[in-house]
C-alpha cells in the first residue's frame, strides 16, 4: 500500500501543476480588469503605474511562476511593500489580495472557522443521518420507511438550497421568530447563553445543507446495499447460521461502503470550499462568499488561490478514498 500511495502522490504533483496552469490561463482569458473600478478621471499614466504596482504589466508566464512561488510560501512575515501579490519583506514573497491588500492566506485562515463550523457540521450530520437511513431502507425495501425515506431524499436532492433556505427564513425567522435570518459572524462563544445563540443561528443553514447531503448519500447507500444483499456470499453467510445483524452490518455493509466512501471522500473538499449559495442566503462570512466577492471584484490572486486549494483537496481526498478501498475490501491489493 505504501508503494501505491507513493506512486499516486508522485502522479498528483504534475497533475496539480497542470491544474494550476489551467486555472491561471482561464482567469487570464476571462473578461474583466482589476482596475475596472478606477474612476475615468484618473490619468492614463497614473493608471499604468497602478497596473505596474499590481504586477499586471509582466508577461503571463512571469506572473504564473511568481504566483506559484508565492503560493507555497508559508512562513509568516511582516508586510512591507505590496506589488502583484508580493511581500518583499526580507526578500521573501506572499500572495496578496488585490481587493484588501492583505495576504490571501491570512484572509482564508480568518474565514475557514466560519465555513468549517457551518458546512462541516452540516456534512457530519448529513452523513450520520444518511448511512442508517440508506441501510435500513435497503433492508426493508418497499416498506413504509423506505417509501418515506425515498420521498424525503428526492425532495432534498431536487429542491435547490437557495429555495429551501429562503423558505426556512420565511417560516422560522419571519413568521415564527425562532431563529435569526442572518448569521452573525462576529459572535463569539463565551458562556452558555452565547453558545445557545450560536446554535440558534447555525440551525437553519446547517438544516438546509444537512438535508441536501443526507439525500444524496442515503440514495447511494441504499443502492449499494441492494446490490449486495442478493449476492451469493450473503446466502452463504445465512446458511452458516450467522445472525441477521452480523450478515447485514458486517458482511453486506462493509462491501456496500466501497462506492459510498468515494461519494463521502469527494464531498469533504466541499466543506472547505464552503456552500456558496447557502452562505450567500444566510450571510455566512465563509470561503464560498469570499470566492463570489473576489470574482465580482476581479481579485485574481484570491480566486486563483481558492480554486487551487479546492483542487488540492479533491486530489488528496481522492487518494484517501482509494486507500480506504483496500481496508474495506480485502480482495483489493495494491502490490
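Numbering (the numbering used here), first residue to last: 16 to 350.
Note that beta-carbon positions come from the ideal geometry of N, C-alpha and C, so glycine has one too.
Assigned exposure category for residue i - 16 Cβ within 10 Å defines buried
i	result
residue 60	exposed
residue 314	buried
residue 260	exposed
residue 82	buried
residue 297	buried
residue 76	exposed
residue 294	buried
residue 321	buried
residue 24	exposed
residue 361	Nothing about residue 361 can be read from this structure; the chain reaches only from 16 to 350.
residue 216	buried
residue 214	exposed
residue 22	exposed
residue 211	exposed
residue 153	buried
residue 234	buried
residue 220	buried
residue 123	buried
residue 240	buried
Where the alpha helix (DSSP H) through residue i begins and ends
i	result
residue 132	Run containing residue 132: none; DSSP gives neither H nor E here.
residue 141	136–154
residue 291	291–297
residue 179	176–183
residue 190	Where residue 190 is concerned, there is no enclosing alpha helix (DSSP H), given that its DSSP letter is neither H nor E.
residue 303	302–311
residue 220	207–244
residue 46	Premise fails: residue 46 is in no alpha helix (DSSP H) and is neither H nor E.
residue 171	159–173
In DSSP terms, what residue i is bridged to
i	result
residue 118	111
Assumed close pair residue i, residue j - CB separation to whole angstroms, cut-off 8 Å
i	j	result
residue 119	residue 317	5 Å
residue 135	residue 286	5 Å
residue 307	residue 177	Actually they are not in contact, since the Cβ atoms of residue 307 and residue 177 sit about 13 Å apart, beyond 8 Å.
- Message: For the pair the segment 318–330 and the segment 21–34, tell me if three or more CB-CB distances fall below 8 Å.
- Response: yes
- Could you say if the segment 225–236 and the segment 136–145 meet the contact criterion of at least three C-beta pairs nearer than 8 Å? yes
- Message: Quick test of the definition: if touching needs 3 or more C-beta pairs under 8 Å, does the segment 266–276 touch the segment 242–257?
- Response: yes
- Task: Pair every Cβ in the segment 179–193 with every Cβ in the segment 270–285, then say whether three or more of these pairs are closer than 8 Å.
- Result: no
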